[in-house]
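Take a look at the structure below.
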Amino acid sequence: MGIIKASKLGFDYFKYNEEGEEPESYRAIDDVTLDIQAGQFIAVLGHNGSGKSTLAKHLNGLLVPSEGTLWVDNMDTSDEEDIWKIRQRAGMVFQNPDNQIIGTVVEEDVGFGPENMGVSTEDIWKRVDDSLEAVGMVAYRHHSPNKLSGGQKQRVAIAGVMAMHPKCIILDEPTAMLDPNGRKEVLKAVRTLNEQENVTVILITHYMEEVVLADHVFVMDQGHVVMQGTPREIFSQVEKLQSLRLDVPQVTLLAHELKLAGVDIPEGILTTEELVNVLCQ
Amino acid sequence: MSIKLEEVTYTYSPGTVYEIHALDHVNLEIGQGDFVGVIGHTGSGKSTMIQHLNGLVKPTSGRVLYNDEDIWADGYDLRSLRFHVGLVFQYPEHQLFETDVLKDVCFGPKNEGLDAEACKARAIEALEHVGFPKELYDKSPFELSGGQKRRVAIAGVLAMNPDVLVLDEPTAGLDPQGRDEILDQIAYLHKTRGISIVLVSHSMEDIAKYVDRLVVMNAGKKAYDAAPKEVFAHYKELETMGLAAPQMTYIMHTLKEHGMDVDVTATTVEEAKASILQALGR
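Top to bottom, those sequences are chains D and A. For the first sequence, our numbering begins at 1 and goes up steadily by one. For the second sequence, our numbering begins at 282 and goes up steadily by one.
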């Protein structure tokens, strides 16, 4: 069994109107089954309102399924007894770095998680050192977080999650508010964690270019997983993705357009190198 | 219509150890019907600059002119300036507050002193211009999707009939199609209403596709102010400023290095496609 496993997951949001009236319900995710193996880099795509974030909030027990079961590291998230353990195993990073940083100094902010877990002081400092190292923010440890750039703040938020020694880290559009450099920094930090620390990564994003390096991609629509596969398998289906309000990386789109114009190019070109190799043989 | 920044300098926390020159002698002119993009890394001074355009912040030194009048001169009607220069902040949907969509969009014109009928007419026109569906007018803005909320928020500013619309990352957090829809809508407004647009964005691809002129901010100074193609030709310099060129620029340069005779100034997929097909002799 994988690090995260969902079986026929369903979730309803309720809208309460006047008192006494039956609440209206809205099914945000429906019949989602997935099995994510430890150490994988997973990407989740889907338009606004497709259920991505609702799914993400299930992965560390912020939401409990209305139907079906979700296991994190073999623990059922609907079992309240395990909820703190689950949140320690599966850490979450959100879109807006300003909403996630509470410390007045970078190193204190990173130490907040382990401190709450009752880790010994000596061990907290070690974890802070290691986490800041992993995201490349050691030089800023004594800085005030509010003087950092967006990408730097987001890396501090990631370090804060890392300090809790999670097995899995879920990032819900971590780069949406960042400039190009910030986006690169955050992605690099995430990839390092995945490759060197063997942390399972689940990245939710609207930037198709960020998905290219994932091991496996899930595409959501109306609460369902409607496509899954390797980035190449997914991005070979340009028209289908566009019908789901999504897109493909620009290089993939260019290759697709050239193919339509009669140039002999395979579908699913993912990088500039691949395109150049095909065109300049 | 014209907005001019003349030697505008803005200093945060002057005279303290935290003193930062957010803007350093910036000159900028925005004319009638311009479609200007603004790029710059976080902290480059973009947001401070656009807050000068409608007098939300006062320059530490230098002048801001609207139709050649100094907006900080004694007796200048700053309040009415803000109806002429509409500012759409980042995540504008956080500013929605009314019980239904139509009322929310009416808020601006109502404050301008228009009567209920006129407000409603303006609101409906604005909602139509952003492509917001009629059947949702009486919905609570909080029930809408991210893209729809964003449209309502932009309509709220448009309803004041501004001469200039300044948008600070209007597509952050939207899915790819939502991104295209909002930007197409803005381009449509530019064309049909003839209003000037100032678009702040972190997406070089969007900038390349839509704007006529591109301003690059770096460390509080204006680094470039030219046609996007000219600016993106300096992609190596842009990288040192924490920015980048559109992905097509890199692809075209790599193809050229490998001996393909392509146009390296192509910045959009369409241009790149045309140039590659030509190079292949098709």
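All C-beta atoms in this analysis are idealised placements derived from N, C-alpha and C, irrespective of residue type, glycine included.
What did DSSP end up calling residue i once you bin it into helix, strand or coil?
i, result
"D/L37", "At residue 37 of chain D the sequence reads Gln, which differs from the Leu that was named. It is coil, neither helix nor strand."
"D/C280", "coil"
"A/L480", "strand"
"D/Q228", "strand"
"A/S325", "coil"
"A/H302", "strand"
"D/G160", "helix"
"A/C469", "Correcting the residue identity first, residue 469 of chain A is Tyr in this sequence and not Cys. Here A/Y469 sits in helix by DSSP."
"D/V212", "coil"
"A/F316", "strand"
"D/G91", "strand"
"A/D355", "coil"
"D/I170", "strand"
"D/N146", "helix"
"D/T54", "helix"
In whole angstroms, what is the alpha-carbon distance linking residue i and residue j?
i, j, result
"A/D465", "A/T473", "12 Å"
"D/I269", "A/R344", "51 Å"
"A/E486", "D/N17", "43 Å"
"A/M282", "D/Q88", "57 Å"
"D/D129", "A/M529", "40 Å"
"A/A397", "D/E239", "46 Å"
"A/R363", "A/Y293", "23 Å"
"A/A553", "D/L253", "11 Å"
"D/E257", "A/G356", "58 Å"
"A/W353", "A/R360", "12 Å"
"D/L55", "D/Y13", "12 Å"
"A/K517", "D/L246", "30 Å"
"D/Q152", "A/C400", "44 Å"
"A/I435", "A/V366", "13 Å"
"A/V543", "D/T69", "54 Å"
"A/K285", "A/D351", "9 Å"
"D/V93", "D/I158", "6 Å"
Count the other CB atoms within 10 Å of the CB of residue i; is the residue buried (16 or more) or exposed (fewer)?
i, result
"D/W71", "buried"
"D/V251", "buried"
"A/G312", "exposed"
"A/K490", "buried"
"D/A38", "exposed"
"A/K415", "exposed"
"D/C280", "exposed"
"D/N60", "buried"
"A/R431", "buried"
"D/K8", "exposed"
"A/V298", "exposed"
"D/L260", "exposed"
"D/D109", "buried"
"A/F423", "exposed"
"D/I48", "Note that residue 48 of chain D is Asn in the sequence shown here, rather than Ile. It is buried - the Cβ of D/N48 has at least 16 other Cβ atoms within 10 Å."
"A/P390", "buried"
"D/K147", "exposed"
"A/D349", "exposed"
Exercise. Going along the chain, which residues of the region 438-469 of chain A sit with their C-beta nearer than 7 Å to a C-beta in chain D?
Worked result: A453, G454, L455, D456, P457, Q458 and G459
Problem set entry | Positions along the region 481-506 of chain A whose CB lies within less than 9 Å of some CB in chain D | H483, S484, M485 and E486
For this session: For the region 322-343 of chain A, enumerate the residues whose C-beta is nearer than 8 Å to any C-beta of chain D, in chain order.
Result: H322, T323 and G324
For this session: Select from the region 165-183 of chain D all residues with a C-beta closer than 9 Å to any C-beta belonging to chain A, and list them in chain order.
Result: E173, A176, M177, L178, D179, P180, N181, G182 and R183
Exercise. Are the region 475-495 of chain A and the region 316-327 of chain A touching, with three or more C-beta to C-beta distances below 8 Å?
Worked result: yes
Exercise. On the three-pair Cβ rule with 8 Å, is the region 449-466 of chain A touching the region 509-519 of chain A?
Worked result: no
For this session: Please confirm if the region 98-105 of chain D is in contact with the region 114-122 of chain D, defined as three or more CB-CB distances below 8 Å between the two stretches.
Result: no
For this session: Report yes or no: do the region 419-428 of chain A and the region 205-224 of chain D share at least 3 C-beta pairs separated by less than 8 Å?
Result: no
For this session: Determine, using beta-carbon pairs with one atom in the region 168-176 of chain D and one in the region 196-209 of chain D, whether at least three such pairs fall under 8 Å.
Result: yes
Problem set entry | Under 7 Å (Cβ pairs) to chain D, residues found in the region 510-544 of chain A | G523, L524, A525, Q528, M529, Y531, I532, T535, L536, H539, G540 and M541
Exercise. Which residues, taken in chain order from the region 17-32 of chain D, show a beta carbon closer than 7 Å to some beta carbon of chain A?
Worked result: none
Problem set entry | Chain-ordered residues of the region 37-55 of chain D with a beta carbon less than 7 Å from chain A | H47, N48 and G49
Problem set entry | Residues within the region 190-210 of chain D neighbouring chain A, beta-carbon criterion of under 8 Å | H206, M208 and E209
Exercise. Can at least three beta-carbon pairs, one atom from the region 320-327 of chain A and one from the region 177-195 of chain D, be found at a separation below 8 Å?
Worked result: yes
Exercise. Are the region 117-125 of chain D and the region 476-484 of chain A in contact at 8 Å, needing three or more beta carbon pairs?
Worked result: no
Exercise. For the region 63-80 of chain D against the region 180-194 of chain D, are there 3 or more C-beta pairs whose distance is under 8 Å?
Worked result: no
Exercise. For the 8 Å Cβ check, are there 3 or more pairs between the region 215-228 of chain D and the region 39-51 of chain D?
Worked result: yes
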